[in-house]
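**Q** Going line by line, the protein sequences match chains E and D.
Counting in the working numbering, the first sequence runs from 189 upward without gaps.
Counting in the working numbering, the second sequence runs from 189 upward without gaps.
Just so you know, even glycine gets a beta-carbon here, dropped at the ideal spot from N, CA and C.
Protein chains: 2
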Amino acid sequence: MDIKDYMENVGRAARAASRETAKASTAAKNAALLAMAQAIRDGSAGLLAANAEDLAEARANGLDAAMIDRLTLTAKGVESIAQGLEQVAALPDPVGEMTDMKRRPSGIQVGKMRVPLGVVGIIYEARPNVTADAAALCLKSGNAAILRGGKEAIRANQAIAACVRAGLKAAGLPETAVQVIETTDRAAVGELVAMPQYVDVIVPRGGKGLIERISREAKVPVIKHLDGNCHVYVDAAADPAKALKIVENAKTQRLGTCNTAESLLIARPVAVALAPTLCAMLTAKGVEIRGCAETQALVTNAKPASDEDYYTEYLAAIISVKIVADVGEAIEHINKYSSAHTESIVTEDYSHAMRFLREVDSSSVMVNASTRFADGFEYGLGAEIGISTDKFHARGPVGLEGLTSQKWIVLGDGEVRA
Amino acid sequence: MDIKDYMENVGRAARAASRETAKASTAAKNAALLAMAQAIRDGSAGLLAANAEDLAEARANGLDAAMIDRLTLTAKGVESIAQGLEQVAALPDPVGEMTDMKRRPSGIQVGKMRVPLGVVGIIYEARPNVTADAAALCLKSGNAAILRGGKEAIRANQAIAACVRAGLKAAGLPETAVQVIETTDRAAVGELVAMPQYVDVIVPRGGKGLIERISREAKVPVIKHLDGNCHVYVDAAADPAKALKIVENAKTQRLGTCNTAESLLIARPVAVALAPTLCAMLTAKGVEIRGCAETQALVTNAKPASDEDYYTEYLAAIISVKIVADVGEAIEHINKYSSAHTESIVTEDYSHAMRFLREVDSSSVMVNASTRFADGFEYGLGAEIGISTDKFHARGPVGLEGLTSQKWIVLGDGEVRA
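Below is the structure:
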């Protein structure tokens, strides 16, 4: 197979299909999503068999347990893929929404219309459910999609792709509206991210290494999700009970998610009162404390934190702790060390809350809430294609709206420019 | 001068300044803009002297008349620069605006806050007024700016830069919030577009060659403005009087602007009635007609149009004309040949208007209005940093809002995730 030719064909077909998906009716898009869900349910046995082959090969190749876990499909997992498609069908259609229409002195009315981006390329690791999720979000937002999943999941991905195509066909939409790349050759990724004539945006879903590589090579915009080095700042005016609850939830509810807190900042005036309590709670939950000198003086089991610690997304039962003078130093520390994902202040002070909200330069900034809320479902987006740690185009959880743009529309009655 | 070191220092200073501009009060930003305007007026003589030196060198180097024209500052031009700064001061401050706050089932309130992009790099040709315009828009939107103007305008640009710094200083803002690059070495541009750690977005303002080169080299997002190959489609249900008025204005009000119509499409059912009238009007205005075979049969002085003509932004007294079957063929033609800048349909038919609005994939789509309205001022943005022909982040005229992003904010009362 000539990869360049193959990808050129995939790209050209996607661009053509994107003209159809852009103008597809809400009814047609929803019909396709529901038909996909039905095809997934009907094809469950075949899907599980394909996945079993992938798993056998993965085990033979000695893949680690975490990867095997992500790769594994169960009957329940297949049902949840089908339900995910139905949930996207139930979301409002963002395409065509007209907003902000204003009459201008010239007589024209000017406003905006929400439109698809065009062709979205999604590159992800060996998680077969992403194939259906990503297809659904791209289609609902009126985009064509080119999906490239991890090579370990190639058989399950192709089986899901067949169900997706069946759904598109049943609804009278082009089957090329969602294409799952059939080759496992890595060169296909290099081509995909360098075809601005066919691809409007790339969404990489996976580890930092994958995302950095794609950002480096891409000739098209990338919706990037890098680290989640999230902070909770316990202000001098914090309610101690809320602080305890929020720190506990933010750090320990799940250790391995990107919105898990990795660093705890405590205002000096309440450090003596709160640092020991907060750290004792974390220690009791099995979390290792790495603190500054002041933290170590207050918390006997605290190990020393290096500068590197404050930059680190542990994704593990470790937290860095620092005593800071006030909300100003907390903001300064966060804007230096954080990965601009999600930060929360615990405070009852209005001015401190407003200053934190305004000055912390992260994609989600919270007052008196757990960082764990930074999530498309929790925010009411209905679904999420990823969480952007960039500022351009979309920040934070990206749902259907993040896969669209707005064009200007002008409604006139024969006006001309003077 | 080591260009790499120099640009590294400029970038680092801009990043630091951007933290200050992001949190600057509306009052401080406006005070800086008004002080800049005053400094420009007070420094008028010096500015004109610097410009005279630039002009003398430009003439000695044999620059063409159009470039000399763009480079030339007059006393009136200086006053209009000062007024431009005052107009930006009068615009509403977009930074900090909180919108879409919604209460979620968990109890948290989720919404968005508008925030600056950070550091904006602007690369432009030899038009000294852009130095002040760009500085004003970046500052008002809370960004730091790095400006790189054409080398022919270096003395005037540095004189304006001194006024900008004086204004910043008077308002207590860092003078590094707007830096005008002091070297004319082209390597500085290469460095500027490849410092993602310091620069968040590049806005090139200039010819297609400049923009293509920058897009190729850039390692940061670029707000691109390529061609304006704009269309007027006269539908079968067009009001002939509106058609005549709109085609005349769109093509002939100004020949050299990006929102000037370059191509006229006419629906076949009205071609016999309207093509001769429309083309006679254009011919009378000195516009050369290049048409398809059907156009040539109806319009005796029409020259043949090649496929290349339909792709061309003439920026001259030439128009391409094509007879199409209906609104469907018009949309198809436009989505193939246009540069996705601005297109207008002339029609009294509701369904045709709605279909055109929805399916034409351009940054501005109009009904019964001249393409010449595609402009930040006409749209009510108050000012314009450029017109984006991209879909990502911003489409069409880009004002203050296009220089900002939205972060998520969460207001809680101790909520944690279940």
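Which class does V475/D belong to by DSSP, given the choice of helix, strand or coil?
**A** As a working mapping, residue 475/D is identified with position 287 in the second sequence. V475/D sits in coil when the DSSP states are folded into three classes, being neither helix nor strand.
**Q** Among the candidates T488/E, M189/E, R203/E, T371/E, whose CA atom is the shortest distance from the CA of P304/E?
**A** What you label residue 304/E is simply residue 116 of the first sequence in a count that begins at 1. Among T488/E, M189/E, R203/E, T371/E, the Cα nearest to that of P304/E belongs to R203/E.
**Q** Which two residues bound the contiguous alpha helix (DSSP H) that contains M195/D?
**A** For the purposes of this step, residue 195/D is taken as residue 7 along the second sequence, with counting starting at 1. 191-211 is the span of the alpha helix (DSSP H), which, as asked, contains M195/D.
**Q** Is the Cβ-Cβ distance between I477/E and A490/E less than 8 Å?
**A** Numbered from 1 along the first sequence, position 289 holds the residue referred to as residue 477/E. Numbered from 1 along the first sequence, position 302 holds the residue referred to as residue 490/E. Going by C-beta atoms, I477/E is nearer than 8 Å to A490/E.
**Q** Which of helix, strand or coil does DSSP assign to D601/E?
**A** As a position in the first sequence, residue 601/E is number 413, starting the count at 1. It is a strand residue.
**Q** Report the CB separation of V308/D from L591/D in whole angstroms; it is logged as a contact under 8 Å.
**A** Reading the second sequence from its first residue, position 120 is the one you call residue 308/D. Reading the second sequence from its first residue, position 403 is the one you call residue 591/D. Rounded, the Cβ-Cβ distance is 6 Å, consistent with contact.
**Q** If the cut is a Cβ gap below 7 Å, which residues of chain E does N556/D touch?
**A** As a working mapping, residue 556/D is identified with position 368 in the second sequence. In chain order: G600, D601, G602.
**Q** So M301/D is in the beta strand (DSSP E); what residue range does that whole segment cover?
**A** Here residue 301/D is taken as the residue at index 113 of the second sequence, counted from 1. Its beta strand (DSSP E) spans residues 297-304.
**Q** Measuring straight from C-alpha to C-alpha, what distance separates A354/D and R200/D?
**A** Taking the second sequence and counting its residues from 1, the one referred to as residue 354/D is at position 166. Taking the second sequence and counting its residues from 1, the one referred to as residue 200/D is at position 12. Cα to Cα, the separation comes out at about 21 Å.
**Q** For E241/E, which option in E379/E, E340/E, A227/E, H540/E has the closest C-alpha, if you only look at C-alpha atoms?
**A** As a working mapping, residue 241/E is identified with position 53 in the first sequence. Nearest C-alpha to E241/E: E340/E.
**Q** Per DSSP, what kind of secondary structure is V553/D in: helix, strand or coil?
**A** In the second sequence, residue 553/D corresponds to position 365, counting from 1. V553/D falls in the strand class under three-state DSSP.
**Q** Under three-state DSSP, which class holds S403/E?
**A** By one-based count along the first sequence, residue 403/E stands at place 215. In the structure shown, S403/E sits in a helix (DSSP, three-state: H, G or I).
**Q** Using the three-state DSSP reduction, which class does S539/E fall into: helix, strand or coil?
**A** For the purposes of this step, residue 539/E is taken as residue 351 along the first sequence, with counting starting at 1. Helix at S539/E.
**Q** Taking H413/E as the reference, give the member of R229/E, P457/E, A562/E, A237/E with the closest Cα.
**A** Position 225 of the first sequence, counted from the start, is the residue given in the question as residue 413/E. H413/E has its Cα closest to that of A562/E, out of R229/E, P457/E, A562/E, A237/E.
**Q** Apart from the five residues on each side of it in sequence, which residues of its chain come closer than 6 Å, Cβ to Cβ, to T559/E?
**A** Numbered from its first residue, the first sequence carries residue 559/E at position 371. Cβ neighbours of T559/E within its own chain (closer than 6 Å, five residues either side excluded): C418, A438, N447, A449, T530, S532.
**Q** So, using beta-carbon positions, are S552/E and S508/E closer together than 8 Å?
**A** Position 364 of the first sequence, counted from the start, is the residue given in the question as residue 552/E. Position 320 of the first sequence, counted from the start, is the residue given in the question as residue 508/E. Not in contact: S552/E and S508/E (Cβ atoms no closer than 8 Å).
**Q** Can you give me the C-alpha to C-alpha distance between M383/D and Y194/D, rounded to a whole angstrom?
**A** Looking up residue 383/D in the second sequence gives position 195. Looking up residue 194/D in the second sequence gives position 6. M383/D and Y194/D: Cα-Cα distance of roughly 12 Å.
**Q** Judging by CA-CA distance, which residue of E267/E, A244/E, Q271/E, A270/E is the nearest neighbour of L259/E?
**A** Along the first sequence, read from residue 1 onward, the residue named residue 259/E stands at position 71. Comparing Cα-Cα distances from L259/E to each of E267/E, A244/E, Q271/E, A270/E, the minimum goes to A244/E.
**Q** Would you call the region 316-333 of chain D and the region 216-233 of chain D touching, i.e. three or more CB-CB distances under 8 Å?
**A** yes
**Q** Give me whichever residues DSSP pairs with P492/E in a beta bridge.
**A** Taking the first sequence and counting its residues from 1, one reaches residue 492/E at position 304. DSSP, once it has assigned bridges, lists G479/E as partnering P492/E.
**Q** Which of the three DSSP states is assigned to C418/D in this structure?
**A** Position 230 of the second sequence, counted from the first residue, corresponds to residue 418/D. Reduced to three states, the DSSP call for C418/D is strand.
**Q** Please look up how many angstroms separate the CB atoms of A522/D and V548/D, rounded, as I've assumed it's under 8 Å.
**A** The sequence position of residue 522/D within the second sequence is 334, counting from 1. The sequence position of residue 548/D within the second sequence is 360, counting from 1. Here the sequence assigns Ile to residue 522/D, which means Ala is not the residue at that position. Contact flag correct, Cβ pair sits at about 6 Å.
**Q** Run down chain D in chain order and give the residues with a C-beta less than 9 Å from the C-beta of G306/E.
**A** As a first step, residue 306/E must be located in the first sequence, where it is residue number 118. Going along chain D in sequence order, the residues near G306/E (Cβ under 9 Å) are D549, K579.
**Q** Label Y538/D either buried or exposed according to how many other C-beta atoms from any shown protein chain fall within 10 Å of its C-beta, with 16 as the threshold for buried.
**A** For this step, residue 538/D is matched to residue 350 along the second sequence. By the neighbour-count rule (16 or more Cβ atoms within 10 Å), Y538/D is not buried but exposed.
**Q** Using a beta-carbon distance below 8 Å, is L243/D in contact with chain E?
**A** Within the second sequence, residue 243/D is the residue found at index 55, counting from 1. By this cut-off, L243/D is not an interface position.
**Q** Alpha carbons only, please: which of K579/E, F565/E, S593/E is nearest the one belonging to R546/D?
**A** Locating residue 546/D in the second sequence gives position 358, counting from the first residue. Selected option, being the one with the closest Cα: S593/E.
**Q** DSSP on Q367/D, reduced to helix/strand/coil?
**A** Within the second sequence, numbered from 1, the residue matching residue 367/D stands at position 179. Three-state DSSP puts Q367/D in a strand.
**Q** Take T262/E as the anchor and find which of L335/E, N239/E, G272/E, A277/E has the nearest alpha-carbon.
**A** On the first sequence, residue 262/E is found 74 positions in, with the first residue counted as 1. Checked all of L335/E, N239/E, G272/E, A277/E; the closest Cα to T262/E is N239/E.
**Q** Determine the chain D residues that contact Q594/E at a beta-carbon separation under 9 Å, and present them in chain order.
**A** Within the first sequence, residue 594/E is the residue found at index 406, counting from 1. Simply A582, R583, G584.
**Q** Which runs of the beta strand (DSSP E) at least 3 residues long sit entirely within the region 270-337 of chain D? Give them in chain order.
**A** 286-291, 297-304, 307-312, 332-336
**Q** In angstroms with no decimal places, state the Cα-to-Cα distance between A246/D and T372/D.
**A** Along the second sequence, one-based indexing puts residue 246/D at 58. Along the second sequence, one-based indexing puts residue 372/D at 184. Distance from the CA atom of A246/D to the CA atom of T372/D, rounded to whole angstroms, is 14 Å.
**Q** Chain D partners of L325/E, CB-CB under 8 Å?
**A** Against the first sequence, residue 325/E aligns to sequence position 137. Under the 8 Å cutoff, chain D gives no residues; its nearest Cβ is about 17 Å from L325/E.
**Q** In whole angstroms, what is the alpha-carbon distance linking E610/D and L279/D?
**A** The requested residue 610/D is not part of the displayed model; chain D covers only 189 to 606.
**Q** To the nearest angstrom, how far is the alpha carbon of K407/E from that of V381/E?
**A** Stepping through the first sequence from its first residue, residue 407/E is reached at position 219. Stepping through the first sequence from its first residue, residue 381/E is reached at position 193. Rounded to the nearest angstrom, the two C-alpha atoms are 6 Å apart.
**Q** Going along chain E in order, which residues have a C-beta closer than 8 Å to the C-beta of M301/D?
**A** Walking along the second sequence from the start, residue 301/D turns up at place 113. Under the 8 Å cutoff, chain E gives L545, R546, V553.
**Q** For G484/D, which three-state DSSP category applies?
**A** On the second sequence, position 296 is the one that residue 484/D refers to. Before going on, a small fix: residue 484/D reads as Gln here, not Gly. DSSP places Q484/D in helix when its eight states are reduced to three.
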